[in-house]
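Q: I have a structure I would like to understand better, so I am pasting it below and will then ask my questions one at a time.
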C-alpha cells in the first residue's frame, strides 16, 4: 500500500556524522571536491583514532594479586561490549583503558609501599591524577556515560531537553544550581556543542577560551586539538606539558600548569588569572621562583 503523499519521510543520520564535532566539518552537501576531500580525510582520521586500542600497560614491578584482581573486576564489562558494532567497540576500548588505569594505580602503590619507586611511574601518576580529577568533576556534574569516549557530546551544548540539570536564575540574577560554582556551565557552554572533557576543568574562563579557540574561532587545528587532549590525559604522551592536580578537583586552587604547558598553550590562557595564581602558589610552596606571564607565553 502506497504511503500518503504528505507523510514525512524518516531520515537517518549518515555514518560519518557521528564523528562530526563542528557544523563546518560535515561534508554532506559540499560540492567543491577539494574541500569535500579535506573534510572526509579529517573525519576518517578521527574515526581511525577512535578505533585504536589503548596502549599496553607499562613495564613496572611484578604483577601483584591485587593488581590482577583489579583488572579482572572489569572482565564482565569488557565481555559485555559486543564486537558487532562500532559503538560497542569504542565502549570496550574505554573499559579496557579504565582497567589499565586501575591496574597501574595498584602497581604504583605497591612500588611505593615496597620502597621501589619507578621514574616512569611517577611521570604517569601525574596523568593518572589528572584523569581521576576530571572523572570526579564529571561525577559532580552528573554527566551521563564516560567522558573518555571520543564521540561523547556534552549534554550542556545540546539542543532540546537536557539529560542533566542546568543552571537557573536565582535571586539577584545569580545562577542557582546543584553544581560547584567553579564547574557551573557558562552561557557559552550552553550554546556550543562540544566534547564534555572541556566541562570538567574547574576554570570557567579557561573553558570559554578553549571553546572559542576550538569551535568558534578555529584557532586550533585538528592536530592541535588532539595534542591538547594528549597533553592532558593520554599517559603515553609524556608528562611535560600538563596540568597537575594537588587537591580537591573542583577547586581551581588545586590545579597547576607546568612550564612546558604554559609555553605550548599559553595563548589559550588569556584572562585565566586563577590558574596562573594557583601555579605560582604551588611553585612558592616548593621554593621555586614565581613565573612572570606575558600574553600567550610564560617565562
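In the numbering used here, the protein residues as written are 54 to 352. All C-beta atoms, glycine included, are put in the ideal place defined by N, C-alpha and C.
#1: Roughly how many angstroms separate the alpha carbons of residue 335 and residue 343, rounded to a whole number?
#2: Can you pull the DSSP bridge partners for residue 310?
#3: Please classify residue 126 as buried or exposed, where buried requires at least 16 other C-beta atoms within 10 Å of its C-beta.
#4: With distances taken Cα to Cα, identify the nearest neighbour of residue 251 among 302, 269, 331, 187.
#5: Candidates 326, 274, 239: which alpha carbon is nearest residue 207's?
#6: Between residue 193 and residue 236, how many whole angstroms is the CB-CB distance? I'm expecting something under 8 Å.
#7: For residue 338, report the span of its alpha helix (DSSP H) as first-last.
#8: So, at 7 Å on beta carbons, what are the nonlocal neighbours of residue 359 in its own chain, with the 5 sequence-adjacent residues on each side left out?
#9: Could you work out which residue in 178, 328, 195, 277 is closest to residue 231 when comparing CA atoms only?
#10: Quick check on this structure: which residue in 270, 271, 245, 180 has the alpha carbon closest to the alpha carbon of residue 210?
#11: Is it the case that the Cβ atoms of residue 275 and residue 267 are separated by a distance below 7 Å?
#12: Rounded to whole angstroms, what is the Cα-Cα separation between residue 320 and residue 339?
#13: Out of curiosity, what's the CA-to-CA distance linking residue 346 and residue 295?
#14: If you measure between the beta carbons of residue 256 and residue 302, is that distance less than 7 Å?
#15: Have a look at residue 332 and residue 308 and give me their C-alpha separation to the nearest angstrom.
#16: State the DSSP-derived secondary structure class of residue 111, mapped to helix, strand or coil.
#17: Please report how far the alpha carbon of residue 284 lies from the alpha carbon of residue 269, in whole angstroms.
#18: Cutting at 6 Å between CB atoms, please list the residues of its own chain near residue 293, excluding the five before and the five after it.
#19: Just tell me which of 316, 328, 297 has its CA closest to the CA of residue 182.
#20: Using CA coordinates, which residue listed in 318, 323, 317, 287 is at the minimum distance from residue 203?
A: With the structure as the only source:
#1: For the purposes of this step, residue 335 is identified with residue 282 of the chain shown, where counting begins at 1. For the purposes of this step, residue 343 is identified with residue 290 of the chain shown, where counting begins at 1. Rounded to the nearest angstrom, the two C-alpha atoms are 9 Å apart.
#2: Mapped onto the chain shown, residue 310 falls at position 257. DSSP output for residue 310 lists 296 as bridge partner(s).
#3: The residue you call residue 126 lines up with position 73 of the chain shown. With a pLDDT of only 38 at residue 126, under 50, the local geometry of the prediction cannot be trusted, and the value read off the model is given with reservation. Exposed.
#4: Locating residue 251 in the chain shown gives position 198, counting from the first residue. Selected option, being the one with the closest Cα: 187.
#5: As a working note, residue 207 is residue 154 in the chain shown. Of 326, 274, 239, the residue nearest in Cα terms is 239.
#6: Taking the chain shown and counting its residues from 1, the one referred to as residue 193 is at position 140. Taking the chain shown and counting its residues from 1, the one referred to as residue 236 is at position 183. Rounded, the Cβ-Cβ distance is 6 Å, consistent with contact.
#7: Taking the chain shown and counting its residues from 1, the one referred to as residue 338 is at position 285. It spans 326-338 - the alpha helix (DSSP H) in which residue 338 sits, taken as one unbroken run.
#8: Beyond the ends of the chain as shown, which are 54 and 352, falls residue 359; an answer cannot be given.
#9: Walking along the chain shown from the start, residue 231 turns up at place 178. Closest option to residue 231, Cα to Cα, is 195.
#10: Within the chain shown, numbered from 1, the residue matching residue 210 stands at position 157. The shortest C-alpha separation from residue 210 is found at 245.
#11: By 1-based counting over the chain shown, the position of residue 275 is 222. By 1-based counting over the chain shown, the position of residue 267 is 214. Their beta carbons are not under 7 Å apart, which means residue 275 does not touch residue 267 by this criterion.
#12: Within the chain shown, the letter at position 267 stands for residue 320. Within the chain shown, the letter at position 286 stands for residue 339. Residue 320 and residue 339: Cα-Cα distance of roughly 26 Å.
#13: Position 293 of the chain shown, counting from 1, holds the residue named residue 346. Position 242 of the chain shown, counting from 1, holds the residue named residue 295. If you take the alpha carbons of residue 346 and residue 295, they lie about 17 Å apart.
#14: Working through the chain shown from its first residue, we reach residue 256 at position 203. Working through the chain shown from its first residue, we reach residue 302 at position 249. No, the pair does not count as a contact, with Cβ atoms beyond the cut-off.
#15: As a working mapping, residue 332 is identified with position 279 in the chain shown. As a working mapping, residue 308 is identified with position 255 in the chain shown. For residue 332 and residue 308, the distance between alpha carbons rounds to 7 Å.
#16: Taking the chain shown and counting its residues from 1, one reaches residue 111 at position 58. Interpretation of residue 111 is limited by its pLDDT of 44, a score under 50 that renders its predicted location unreliable; no figure is taken from the coordinates.
#17: Walking along the chain shown from the start, residue 284 turns up at place 231. Walking along the chain shown from the start, residue 269 turns up at place 216. Whole-angstrom Cα-Cα distance: 22 Å.
#18: Taking the chain shown and counting its residues from 1, the one referred to as residue 293 is at position 240. Within the same chain, residue 293 has close Cβ partners 313.
#19: Counting from one through the chain shown, the residue named residue 182 turns up at place 129. Answer by Cα proximity: 297.
#20: As a first step, residue 203 must be located in the chain shown, where it is residue number 150. Nearest C-alpha to residue 203: 287.
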